[in-house]
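First up is the structure itself, then whatever we jot down about it.
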Amino acid sequence: MAFEGLAERLQGTLDRIKGRGKVSEADVKEMMREVRLALLEADVNFKVVKQFINRVKERAVGQEVMKSLTPGQQVIKVVNEELQELMGGEQSKIAHAQKPPTVVMMVGLQGAGKTTSTAKLANHLRKKHNRQPLMAAADIYRPAAIKQLETLGEQLNMPVFSLGDQVSPVDIASQAVDKAKEEHNDYVLIDTAGRLHVDEDLMDELLQIKEKVNPDEILLVVDAMTGQDAVNVAESFNEQLGLTGVILTKLDGDTRGGAALSVKAVTDTPIKFAGMGEKIDQLEPFHPERMASRILG
Ligand code: GDP
Numbered sequence: 001m002a003f004e005g006l007a008e009r010l011q012g013t014l015d016r017i018k019g020r021g022k023v024s025e026a027d028v029k030e031m032m033r034e035v036r037l038a039l040l041e042a043d044v045n046f047k048v049v050k051q052f053i054n055r056v057k058e059r060a061v062g063q064e065v066m067k068s069l070t071p072g073q074q075v076i077k078v079v080n081e082e083l084q085e086l087m088g089g090e091q092s093k094i095a096h097a098q099k100p101p102t103v104v105m106m107v108g109l110q111g112a113g114k115t116t117s118t119a120k121l122a123n124h125l126r127k128k129h130n131r132q133p134l135m136a137a138a139d140i141y142r143p144a145a146i147k148q149l150e151t152l153g154e155q156l157n158m159p160v161f162s163l164g165d166q167v168s169p170v171d172i173a174s175q176a177v178d179k180a181k182e183e184h185n186d187y188v189l190i191d192t193a194g195r196l197h198v199d200e201d202l203m204d205e206l207l208q209i210k211e212k213v214n215p216d217e218i219l220l221v222v223d224a225m226t227g228q229d230a231v232n233v234a235e236s237f238n239e240q241l242g243l244t245g246v247i248l249t250k251l252d253g254d255t256r257g258g259a260a261l262s263v264k265a266v267t268d269t270p271i272k273f274a275g276m277g278e279k280i281d282q283l284e285p286f287h288p289e290r291m292a293s294r295i296l297g
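Mapping of the sequence shown onto our numbering: position 237 corresponds to residue 237, and the numbering continues sequentially without gaps.
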């Protein structure tokens, strides 16, 4: 499970001061050294770690004493709050356009889980928000991507718009939006093409789709298992395309958690959903608060 190592180390460090009636500045410093190491070991971006430690130190040393908590507990509370803040603070929800359909572009590199996440998101929107999404198969390059989305649509009994692999993705996307209007689908989820690396052709095509359909959301799907690479991918997609959110997949694997803890801080783009397994219902809204509590036990 994600964060196991980090959770263990942080809890170990914090447990030592939990019951203390007095925590000196030197104690806080010493503890922060260990928290810093734990975060770096969990593959958190080093700049993010630095900022995080500074903020906790500032708050933990300067804060007023609360009667209900021991000083040790208070430091832990600060660490918890700052971890939550790091991951985005409040939960960030998916857009809902005033005038339907809400257009969502799903982008990302090949293998990140984009097609799977498109179907998971469609399922989530229907189940939890009572929406009627239309999925659009605009990944015409990866062999079998269209078929994969169609199969997922059949499993879910939800519509998939496709025009095969001989029509341009820009046309597929724009016709899908027209179709959604005709059929009164309130969301259109466009599964776009990925590549093995971020490249110009990929970005050009995505930019063209963006200009054509004017999406309410551009969600980047990234694989949490790739750690700092996921953060770098998020940075470059965000610079070139302007993201509105991130779906972090494979958080069920034994990722060290660095991506989850760095993406928001580095790109200022909220993580909106987490993929927690291969099954269609294993997509969860990302809750920074719950994630922080999970790490701190
Ligand atoms: P795409 O190339 O980005 O469209 O990737 P796919 O949607 O085909 O997914 C690639 C692989 O990752 C598939 O085997 C998926 O089942 C798997 N996958 C996607 N999301 C998750 C997740 O949250 N957890 C796990 N364990 N596997 C996932």
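For glycine and all other residues, C-beta sits at the position ideal for the given N, C-alpha and C.
Name the one or two DSSP bridge partners that residue i has.
i, result
"residue 165", "163"
"residue 188", "103, 134"
"residue 275", "283"
"residue 146", "DSSP output for residue 146 lists no bridge partner at all."
"residue 248", "222, 274"
"residue 108", "221"
Kindly give me the distance between the Cβ atoms of residue i and residue j, rounded to whole angstroms, as I take these residues to be in contact under 8 Å.
i, j, result
"residue 136", "residue 176", "4 Å"
"residue 253", "residue 225", "5 Å"
"residue 233", "residue 208", "The pair is not a contact, with the Cβ atoms about 20 Å apart (cut-off 8 Å)."
"residue 264", "residue 86", "7 Å"
"residue 189", "residue 121", "6 Å"
"residue 156", "residue 123", "6 Å"
Grab the span of the alpha helix (DSSP H) containing residue i for me, first residue to last.
i, result
"residue 35", "25-41"
"residue 211", "200-213"
"residue 216", "First-last for residue 216: undefined, no H or E at that position."
"residue 295", "288-296"
"residue 79", "71-86"
"residue 96", "Where residue 96 is concerned, there is no enclosing alpha helix (DSSP H), given that its DSSP letter is neither H nor E."
"residue 124", "114-129"
"residue 235", "228-241"
"residue 258", "258-267"
Does the ligand GDP have a heavy atom nearer than 7 Å to the CB of residue i?
i, result
"residue 89", "no"
"residue 117", "yes"
"residue 142", "yes"
"residue 227", "no"
"residue 158", "no"
"residue 150", "no"
"residue 284", "no"
"residue 281", "no"
"residue 252", "yes"
"residue 135", "no"
"residue 153", "no"
"residue 48", "no"
"residue 257", "no"
"residue 114", "yes"
"residue 110", "yes"
"residue 222", "no"
"residue 291", "no"
"residue 173", "no"
"residue 278", "yes"
"residue 302", "For the chain, the structure presents residues 1 to 297; residue 302 sits outside this window and is missing."
"residue 192", "no"
"residue 275", "yes"
"residue 70", "no"
"residue 249", "yes"
Need the endpoints of the beta strand (DSSP E) that residue i sits in, please.
i, result
"residue 17", "It is not in any beta strand (DSSP E) - residue 17 instead sits in the alpha helix (DSSP H) that spans 4-18."
"residue 44", "Counting along the chain, residue 44 falls outside any beta strand (DSSP E), and DSSP gives it neither H nor E."
Please tell me whether, using a cut-off of 7 Å, the distance from the CB of residue i to the nearest non-hydrogen atom of the ligand MG is below it.
i, result
"residue 2", "As presented, the structure is devoid of the ligand MG, carrying the ligand GDP as its sole ligands."
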